[in-house]
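Asker: These protein sequence lines map, in sequence, to chains H and L.
Residues 9 to 239 (my numbering) make up the first sequence, in order.
Residues 9 to 239 (my numbering) make up the second sequence, in order.
Protein chains: 2
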Amino acid sequence: MTRQTAIVLLSGGLDSATCLAIAHNQNYAIHTLTFDYGQRHGVELQSAHALADHFQVVSHTVFPLALRIIGGSALTSSQKVPKQRDLSSNEIPITYVPARNTVFLSIALALAEVKQCNDVFIGVNAIDYSGYPDCRPEFIHAFENLAAIATRAGVSSSRKLNIHTPLIAFSKAEIVAEAARLNVPFALTWSCYDPQEGAIPCGECDACRLRAEGFAKAGFADPIAAKPRHA
Amino acid sequence: MTRQTAIVLLSGGLDSATCLAIAHNQNYAIHTLTFDYGQRHGVELQSAHALADHFQVVSHTVFPLALRIIGGSALTSSQKVPKQRDLSSNEIPITYVPARNTVFLSIALALAEVKQCNDVFIGVNAIDYSGYPDCRPEFIHAFENLAAIATRAGVSSSRKLNIHTPLIAFSKAEIVAEAARLNVPFALTWSCYDPQEGAIPCGECDACRLRAEGFAKAGFADPIAAKPRHA
Numbered sequence: 009m010t011r012q013t014a015i016v017l018l019s020g021g022l023d024s025a026t027c028l029a030i031a032h033n034q035n036y037a038i039h040t041l042t043f044d045y046g047q048r049h050g051v052e053l054q055s056a057h058a059l060a061d062h063f064q065v066v067s068h069t070v071f072p073l074a075l076r077i078i079g080g081s082a083l084t085s086s087q088k089v090p091k092q093r094d095l096s097s098n099e100i101p102i103t104y105v106p107a108r109n110t111v112f113l114s115i116a117l118a119l120a121e122v123k124q125c126n127d128v129f130i131g132v133n134a135i136d137y138s139g140y141p142d143c144r145p146e147f148i149h150a151f152e153n154l155a156a157i158a159t160r161a162g163v164s165s166s167r168k169l170n171i172h173t174p175l176i177a178f179s180k181a182e183i184v185a186e187a188a189r190l191n192v193p194f195a196l197t198w199s200c201y202d203p204q205e206g207a208i209p210c211g212e213c214d215a216c217r218l219r220a221e222g223f224a225k226a227g228f229a230d231p232i233a234a235k236p237r238h239a
Numbered sequence: 009m010t011r012q013t014a015i016v017l018l019s020g021g022l023d024s025a026t027c028l029a030i031a032h033n034q035n036y037a038i039h040t041l042t043f044d045y046g047q048r049h050g051v052e053l054q055s056a057h058a059l060a061d062h063f064q065v066v067s068h069t070v071f072p073l074a075l076r077i078i079g080g081s082a083l084t085s086s087q088k089v090p091k092q093r094d095l096s097s098n099e100i101p102i103t104y105v106p107a108r109n110t111v112f113l114s115i116a117l118a119l120a121e122v123k124q125c126n127d128v129f130i131g132v133n134a135i136d137y138s139g140y141p142d143c144r145p146e147f148i149h150a151f152e153n154l155a156a157i158a159t160r161a162g163v164s165s166s167r168k169l170n171i172h173t174p175l176i177a178f179s180k181a182e183i184v185a186e187a188a189r190l191n192v193p194f195a196l197t198w199s200c201y202d203p204q205e206g207a208i209p210c211g212e213c214d215a216c217r218l219r220a221e222g223f224a225k226a227g228f229a230d231p232i233a234a235k236p237r238h239a
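Here's what the structure looks like:
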């Protein structure tokens with residue numbers, strides 16, 4: 009029997025690595041899609057590549073995306089990445105990249121159409137990233153509705169794109185536990201928004217702190233634990 | 009009074025040039041957005057630039073988009089552009105670029121968010137391009153629904169993105185007539201999918217034939233009329 013095909017959006021972070029492991033565990037033939045969108049470091053891209061290799065994907069596409077031209081985020085501009093921010097704040101952080109998941113999913117939709125694939129996995133999370141509008145379930149549903157009519161498949165009505173968000177309701181600790189259960193190689197994953205020289209996590213950005221909290225609560229040691237600059 | 013701001017998607021073709029003229033005529037302060045997506049020629053990009061200059065836009069962004077990596081279209085791959093195709097066919101032509109308007113609008117959404125702008129103009133047309141799934145009104149409405157919840161604005165609910173499709177129900181002849189009424193400089197527009205050397209329209213691709221038919225029916229002369237290779 010032919011295996012079902014899936015596109016997995018893979019940033020190289022812990023969440024998308026866990027998503028990849030989940031799709032792999034469900035026996036999908038996987039095409040990973042990674043965006044090179046002017047993140048201020050290449051460590052993420054190396055992690056994505058190593059993870060794609062580890063899970064023996066069918067293809068790994070790195071799609072260059074000049075979001076820097078659009079601007080509007082600390083991740084794609086020269087603005088400073090915030091440190092020791094109040095994580096319980098309801099404010100959308102300046103690391104939010106305008107319309108990022110809309111852009112990512114639209115390119116995934118194009119790839120899915122070319123690969124004749126009905127399933128896309130994305131590691132969005134509505135709990136720890138509650139401040140990001142495009143990580144919410146209602147956003148994902150609206151995109152599925154759009155996808156259903158946006159492509160050839162939408163015209164012929166024979167196929168419908170399913171966007172899988174297995175982590176959407178997980179806490180970071182639950183993600184770490186699920187990753188451990190599925191043997192995600194933690195050392196190959198990368199979270200820090202603002203690494204120090206020599207690819208050392210800063211320990212102070214939102215991503216480092218959520219990761220550290222997740223490992224601590226799940227009771228696992230992080231092989232690439234950050235060493236804060238101002239400890 | 010401050011002028012309202014709009015993003016206009018500008019390919020350099022007749023339809024998007026007319027769209028730009030319409031937004032200009034409605035007194036919007038305009039940011040044009042052009043995609044360099046591996047079309048097989050640069051003439052379109054030059055046209056877009058010249059049109060942006062002509063209509064004195066506030067900014068003109070050329071966004072590189074590596075759709076060639078995704079493939080799946082005669083416009084972004086080495087497949088031959090079809091000539092003398094039956095234009096009345098209901099089949100989606102191979103010049104269709106997978107999920108193109110979804111990708112284009114998602115990047116427009118990002119730019120709109122950064123420019124704090126509520127209005128996007130796109131020259132889609134459901135009549136002559138009835139075979140393209142992402143030129144249909146229901147697609148545009150689904151994208152508006154998505155946009156309403158995809159961004160910061162969607163979270164604060166203070167703004168809603170309006171996607172203007174002034175040409176969606178126009179025939180090509182009606183577009184030519186509207187363009188003439190608004191003094192669109194026809195000589196600066198470009199339609200051909202497959203120009204001959206020296207930037208000469210081929211006269212045989214769908215785009216050339218629809219353009220020629222539009223000018224003929226509207227009773228205008230096309231200053232860059234094609235000279236078919238096999239006349």
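Where a beta carbon is used, it is the ideal one built from N, C-alpha and C, also for glycine.
Please read these numbers as outputs of a predicted model, since none were measured by experiment.
(1) So, with DSSP's three-state summary, where would you put L:Asn153?
(2) At a Cβ threshold of 7 Å, is H:Leu154 touching chain L?
(3) For L:Gly5, count neighbouring C-beta atoms within 10 Å of its own C-beta (all shown protein chains included) and say buried if the count is 16 or more, exposed if not.
(4) Roughly how many angstroms separate the alpha carbons of L:Ile208 and L:Pro231, rounded to a whole number?
(5) Kindly indicate which residue of H:Arg108, H:Val128, H:Asn153 and H:Ile15 has the alpha-carbon position closest to the one of H:Val65.
(6) By the criterion of Cβ-Cβ separation under 7 Å, what are the contact partners of H:Ala74 in chain L?
(7) Quick check on L:Ile171 - is its C-beta less than 7 Å from some C-beta in chain H?
(8) Within a Cβ cutoff of 7 Å, which residues of the same chain sit near L:Glu242, ignoring the five residues on either side of it in sequence?
(9) When DSSP labels each residue in this structure, what does L:Ala215 get in the three-state scheme?
(10) Could you round the C-beta distance between L:Ile176 and L:Ala116 to whole angstroms and report it? I think they count as a contact, below 8 Å.
(11) Determine, for L:Glu121, whether the minimum Cβ-Cβ distance to residues of chain H falls below 7 Å.
(12) How long is the line joining the alpha carbons of L:Ser19 and L:Thr173, rounded to whole angstroms?
(13) In angstroms with no decimal places, state the Cα-to-Cα distance between L:Val192 and L:Ser114.
(14) Could you pull out every residue in the same chain whose Cβ sits closer than 7 Å to the Cβ of H:Phe112, ignoring the five residues on either side in sequence?
(15) Give the straight-line distance between the Cα atoms of H:Ala188 and H:Phe151, rounded to the nearest whole angstrom.
(16) To the nearest angstrom, how far is it from the Cα of H:Phe228 to the Cα of H:Leu196?
(17) Which bits of chain H does L:Pro145 rub up against, with CB to CB less than 9 Å?
(18) H:Gln54: which of H:Gly21, H:Leu28 and H:Leu218 sits nearest, CA to CA?
(19) Roughly how far, in whole angstroms, is the beta-carbon of H:Thr69 from the beta-carbon of H:Leu28, given that I think they are within contact range, below 8 Å?
(20) So, is L:Asn35 buried or exposed, given that buried needs 16 or more other C-beta atoms within 10 angstroms?
(21) Counting contacts by CB-CB distance shorter than 7 Å, is L:Ile115 in contact with chain H?
(22) Starting from the Cα of H:Asp160, find the closest Cα among L:Glu52, L:Arg108, L:Cys210 and L:Ile130 and give me that residue.
(23) By a C-beta neighbour count over all protein chains shown, 10 Å radius and 16 as the cutoff for buried, is H:Ala26 buried or exposed?
(24) Compare the C-alpha of H:Thr13 against each of H:Gln204, H:Asn170 and H:Arg76 and name the closest.
(25) So which residues on chain H does L:Ile157 lean against when the C-beta distance must stay under 8 Å?
(26) Is there a Cβ of chain L sitting closer than 7 Å to that of H:Ile77, yes or no?
(27) Where does H:Thr10 land, buried or exposed, given buried means 16+ other C-beta within 10 angstroms?
(28) Mark L:Asp61 as exposed unless 16 or more other C-beta atoms lie within 10 angstroms of its C-beta, in which case mark it buried.
(29) Which same chain residues end up closer than 7 Å to L:Val163 when comparing Cβ atoms and leaving out the 5 residues on each side of it in sequence?
(30) Under 9 Å between beta-carbons, which chain L residues line up against H:Pro106? List them in chain order, please.
(31) Quick one: what does DSSP say L:Val163 is sitting in, helix, strand or coil?
(32) If we define contact as Cβ-Cβ less than 7 Å, is H:Thr110 a contact residue for chain L?
(33) Could you tell me which residues DSSP pairs with L:Asn170 in its beta bridges?
(34) Measuring only the C-alpha atoms, how far is H:Gln124 from L:Gln124?
Answerer: To lay it out plainly:
(1) Note: L:Asn153 maps to helix in three-state DSSP.
(2) Chain L contact via Cβ: present.
(3) Nothing can be reported for residue 5 of chain L, as the shown portion of chain L is limited to 9 through 239.
(4) Roughly 12 Å separates the two Cα atoms.
(5) That would be H:Ile15, whose Cα lies nearest to the Cα of H:Val65.
(6) Ordered by position in chain L, the residues that pass the 7 Å Cβ test against H:Ala74 are Phe71 and Pro72.
(7) Among the CB atoms of chain H, none fall inside 7 Å of the CB of L:Ile171.
(8) The structure shown has nothing for residue 242 of chain L, since chain L only spans 9 to 239.
(9) Under the three-state reduction of DSSP output, L:Ala215 falls in the helix class.
(10) 16 Å between Cβ atoms; not a contact.
(11) At a cut-off of 7 Å, the C-beta of L:Glu121 has a neighbouring C-beta in chain H.
(12) CA-to-CA, the gap between L:Ser19 and L:Thr173 works out to about 15 Å.
(13) L:Val192 and L:Ser114: Cα-Cα distance of roughly 27 Å.
(14) Excluding the 5 residues flanking it on each side, H:Phe112 has same chain C-beta neighbours closer than 7 Å at Leu17 and Phe43, in chain order.
(15) The alpha-carbon separation between H:Ala188 and H:Phe151 amounts to approximately 30 Å.
(16) Approximately 15 Å, taken between the alpha carbons.
(17) The premise fails here: L:Pro145 is roughly 10 Å from chain H at the closest Cβ pair, so nothing lies under 9 Å.
(18) From the listed residues H:Gly21, H:Leu28 and H:Leu218, the smallest Cα separation to H:Gln54 is found for H:Gly21.
(19) Between H:Leu28 and H:Thr69 the Cβ distance is about 14 Å, and since that is not below 8 Å, they are no contact.
(20) If you draw a 10 Å sphere on the C-beta of L:Asn35, you find fewer than 16 other C-beta atoms in it, and that means exposed.
(21) Yes, its Cβ sits closer than 7 Å to a Cβ of chain H.
(22) In the sequence on display, residue 160 of chain H carries Arg and not Asp. For H:Arg160, the nearest C-alpha among the options comes from L:Arg108.
(23) Residue identity check: residue 26 of chain H is Thr in the sequence provided, not Ala. Burial of H:Thr26 is indicated by the presence of at least 16 other C-beta atoms within 10 angstroms of its C-beta.
(24) Comparing Cα-Cα distances from H:Thr13 to each of H:Gln204, H:Asn170 and H:Arg76, the minimum goes to H:Asn170.
(25) Ordered by position in chain H, the residues that pass the 8 Å Cβ test against L:Ile157 are Pro141, Arg144, Glu146, Phe147 and Ala150.
(26) The Cβ of H:Ile77 sits closer than 7 Å to at least one Cβ of chain L.
(27) A residue is called buried when at least 16 other Cβ atoms come within 10 angstroms of its Cβ; H:Thr10 does not meet this threshold and is exposed.
(28) By the C-beta density criterion, L:Asp61 is exposed, having fewer than 16 other C-beta atoms within 10 angstroms.
(29) Only weak support exists for where L:Val163 lies, its pLDDT of 48 falling under 50; the value from the coordinates is given anyway. Cβ neighbours of L:Val163 beyond the five flanking positions: none.
(30) Ordered by position in chain L, the residues that pass the 9 Å Cβ test against H:Pro106 are Leu117, Ala118, Leu119, Ala120, Glu121, Val122, Thr159 and Arg160.
(31) Because the pLDDT at L:Val163 is just 48, under 50, the model does not fix this residue reliably, and the value given afterwards should be weighed accordingly. It is helical.
(32) Cβ-Cβ to chain L under 7 Å: yes for H:Thr110.
(33) Answer is L:Asp127, bridged to L:Asn170.
(34) Distance between the alpha carbons of H:Gln124 and L:Gln124 is about 36 Å.
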